[in-house]
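Asker: Residue numbers (the working numbering): 33 to 287.
(1) What residues in its chain sit with their C-beta under 6 Å from that of residue 111, if we drop five residues either side in the sequence?
(2) Could you please give the first and the last residue of the uninterrupted alpha helix (DSSP H) stretch that includes residue 99?
(3) Here's the rule: buried if 16 or more other CB atoms are within 10 angstroms of the residue's CB, otherwise exposed. What is residue 214?
(4) Helix or strand or just coil, what does DSSP make of residue 230?
(5) Suppose you measure from the CA of residue 239 to the CA of residue 117; what does that come to, to the nearest Å?
(6) Would residue 282 pass as a contact of residue 229 if the rule is Cβ separation under 8 Å?
(7) Can you tell me which of the three DSSP states residue 132 falls into?
(8) Go to residue 57, then tell me how far its beta strand (DSSP E) extends in each direction, as first and last residue.
(9) Could you compute how far the alpha carbon of residue 53 sits from the alpha carbon of residue 34?
(10) Could I get the ranges of all uninterrupted alpha helix (DSSP H) runs contained in the segment 179-257, with 4 residues as the minimum, in chain order?
(11) Count the CB pairs spanning the segment 242-256 and the segment 190-207 that are closer than 8 Å, and state whether there are at least three.
(12) Specify the secondary structure class of residue 280 as computed by DSSP and reduced to three states.
(13) Between the beta-carbon of residue 181 and the beta-carbon of residue 148, is there less than 8 Å?
(14) Please classify residue 256 as buried or exposed, where buried requires at least 16 neighbouring CB atoms within 10 angstroms.
(15) Is the beta carbon of residue 236 closer than 8 Å to that of residue 245?
(16) Please say whether residue 95 and residue 61 have beta carbons closer to each other than 8 Å?
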């Protein structure tokens, strides 16, 4: 049994990632229209109704906008924190909901999914550890500061998916209002290239095979800067670095 990771879309406008172990397929986030997500899943070789579950990181639009229509079409079980589901953002979502709690594993066939809390300006925000047959992938996106629990969760990952949201200089010189700039840079905002790189430097180990750079801002970052920061942080380790993009499926990883 192996674990396969396929980032379908990642960025400030829409997010979805597919994790598969055998016939078990788990989608993290549904931040695209149902039509677009369906097309991306089929491109990845998975029919929407074949999904075992959808897990949500948090209730912001770029992570859940497709849920109401997609769930009406597929009736896939939805795993979400009660704090998020009770927010106004979920008012149109009608589905069978399984509540999830921090650090409590959910087992779906050969795949174990464990949520861990992330510091973000949402009712609740989770990263996820996904494991199958000893293979470990960890997704940590939408966080303003790397906590000790985030570091602990990332260590030992064969595949790491880490937020590299913005370049600080580009953010501060850009067109965002100052209160938005401060929100992005704050401890409940998003990781910069430098912060993402530091997290990778501290957590990547001999077992790490692949690193996906996630949630890049289309306004405040460019792939070359994020990739450079990540490669410098890896200090020559033989890790494949992939920049994830909006509506552009990244090459899959399988371990």
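Ideal Cβ positions, reconstructed from N, Cα and C, are used throughout, including at glycine.
Answerer: On the basis of the supplied data:
(1) Numbered from its first residue, the chain shown carries residue 111 at position 79. Once the five neighbours on either side are set aside, the close Cβ partners of residue 111 are 85, 87, 130, 132.
(2) The count along the chain shown starts at 1 and reaches residue 99 at position 67. 99-106 is the span of the alpha helix (DSSP H), which, as asked, contains residue 99.
(3) Translated into positions along the chain shown, residue 214 becomes position 182. Looking at its Cβ environment, which holds fewer than 16 other Cβ atoms inside 10 Å, residue 214 is exposed.
(4) Residue mapping note: residue 230 aligns to position 198 of the chain shown, counting from 1. The answer is helix: DSSP assigns residue 230 an H, G or I state.
(5) Residue numbering aside, residue 239 sits at position 207 when the chain shown is read from its first letter. Residue numbering aside, residue 117 sits at position 85 when the chain shown is read from its first letter. Cα atoms of residue 239 and residue 117: separation of roughly 36 Å, rounded to the nearest angstrom.
(6) Taking the first residue of the chain shown as position 1, residue 282 is located at position 250. Taking the first residue of the chain shown as position 1, residue 229 is located at position 197. Their beta carbons are not under 8 Å apart, which means residue 282 does not touch residue 229 by this criterion.
(7) Within the chain shown, the letter at position 100 stands for residue 132. DSSP, reduced to helix, strand and coil, places residue 132 outside both helices and strands of the structure shown, so it counts as coil.
(8) In the chain shown, counting from the first residue as 1, residue 57 sits at position 25. Segment 56-60, the beta strand (DSSP E) holding residue 57.
(9) Residue mapping note: residue 53 aligns to position 21 of the chain shown, counting from 1. Residue mapping note: residue 34 aligns to position 2 of the chain shown, counting from 1. C-alpha separation (whole angstroms): 6 Å.
(10) Taking 4 residues as the minimum length, the alpha helix (DSSP H) runs contained wholly in the segment 179-257 are 180-186, 200-205, 210-217, 225-235, in order along the chain.
(11) Yes, since at least three Cβ pairs between the segment 242-256 and the segment 190-207 fall closer than 8 Å, the two stretches touch.
(12) Locating residue 280 in the chain shown gives position 248, counting from the first residue. The answer is strand: DSSP assigns residue 280 an E or B state.
(13) Start at 1 with the first residue of the chain shown, and residue 181 comes out as number 149. Start at 1 with the first residue of the chain shown, and residue 148 comes out as number 116. With respect to the 8 Å criterion, residue 181 and residue 148 are classified as neighbours on the basis of their beta carbons.
(14) Residue 256 sits at position 224 when you count from the first residue of the chain shown. Label assigned to residue 256: exposed.
(15) On the chain shown, position 213 is the one that residue 245 refers to. On the chain shown, position 204 is the one that residue 236 refers to. At the C-beta level, residue 245 and residue 236 stay beyond 8 Å of one another.
(16) Position 29 of the chain shown, counted from the first residue, corresponds to residue 61. Position 63 of the chain shown, counted from the first residue, corresponds to residue 95. The answer is yes: Cβ separation under 8 Å.
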